[in-house]
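Numbered continuously in this note's numbering, the sequence shown closes out at residue 246.
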Amino acid sequence: VEPVEQMQKLVRSSMGAVDKASYQVIKAQSRLDSLVDYVFKSSIDLVLLGHQDHSNAQHSLAQRLAMLCGCSVWMVPESYANGIRRIVVPIDFSQVSADSLTQATAIAAKNTVPECLAIHVYSDESAIRYDDHELIKKGEEKARFAEIMTGVDTHGIRVKPLFIESFKTAQEILTEATNYQADLIVISTRGHSKTASILLGSVTSSVMSEATIPVLAVKHYGAHLSLWQSLLSRHFLSDVEPKVN
């Protein structure tokens, strides 16, 4: 059976009849290079990537796509058959947090999910520093959360905040996602840098590596800079101390 016919059969068995779908087989030595090239040339907005539950190679591929491409990446484990009923959104108090929440609540609205859980993890008991270098005092989290919510289109969905103090940010996010019985984690791809299209925050990378449920890594404003524009940007080249979320 030809590869295209195999793909068509798989799509029909998984999704039923699809009105508009195209199929392409790419033969290349480097799967990553070929996918990145295709995404750029085709102006792809979202890559949906299935992976085996314990496949490090597929997790690594998803992370690299999220790092190199100007698009969002949605990872779905092979054996995960649940629908979307509970959504977790890791946040800080930046504009990308508002964007992540807007994306997550849009998905929630489409799937009649009444609530999203916004999780903020901080490690310094006296202050919290973010990508804009603003110092946030402990105890101000609720006020800052209310502030960023003014820029969020919630699509009529309730957003419940959860603030946690811990030095193990990724682990706390995954633990709370399990406690919440989440079916999806929506997280920003951005580290604390303006070169958003090529840097993957360490927390995002860890969550993508270790999550056993679907993860949507969302690209935000500025993400459509080309790879070379980002590499050559003055901010990137002069930032001797990279910052991660």
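Heads up, the beta-carbon is just placed ideally off N, CA and C, and yes, glycines get one too.
If you're wondering where the values come from, they're calculated on a predicted model, not measured in any experiment.
The residue among C72, V160, R32, I85 with its C-alpha nearest the C-alpha of L118 is V160. Around the beta-carbon of D100, 16 or more other beta-carbon atoms lie within 10 Å, marking it buried. The beta carbon of A212 lies closer than 8 Å to those of M76, L175, A178, I186 in the same chain, with the five residues before and after it left out. A direct Cα-to-Cα measurement between A147 and F41 gives close to 37 Å.
In terms of Cα proximity to Q25, the closest of V5, F168, S207, D93 is V5. For L47, the closest of Q104, E79, I88 by C-alpha to C-alpha distance is Q104. Between I120 and V89, the C-beta gap is smaller than 8 Å, which places the two residues in contact.
Distance from the CA of D20 to the CA of Q172, rounded to the nearest whole angstrom, comes to 41 Å. Across the structure, L50 and T190 are spaced so that their CA atoms are roughly 16 Å apart. In the three-state reduction of the DSSP assignment, S23 falls in the coil class, being assigned neither a helical nor a strand state. Take the alpha-carbon of L217 and the one of E141: they are about 28 Å apart. Scanning its chain for C-beta atoms nearer than 8 Å, with the 5 sequence neighbours on each side dropped, one finds around F168 the residues S124, in chain order. Of E116, L33, V122, S61, the smallest CA-CA separation from F164 is found for V122.
By the Cβ-count criterion, P78 is buried, with 16 or more other Cβ atoms from all chains shown falling within 10 Å of its own Cβ.
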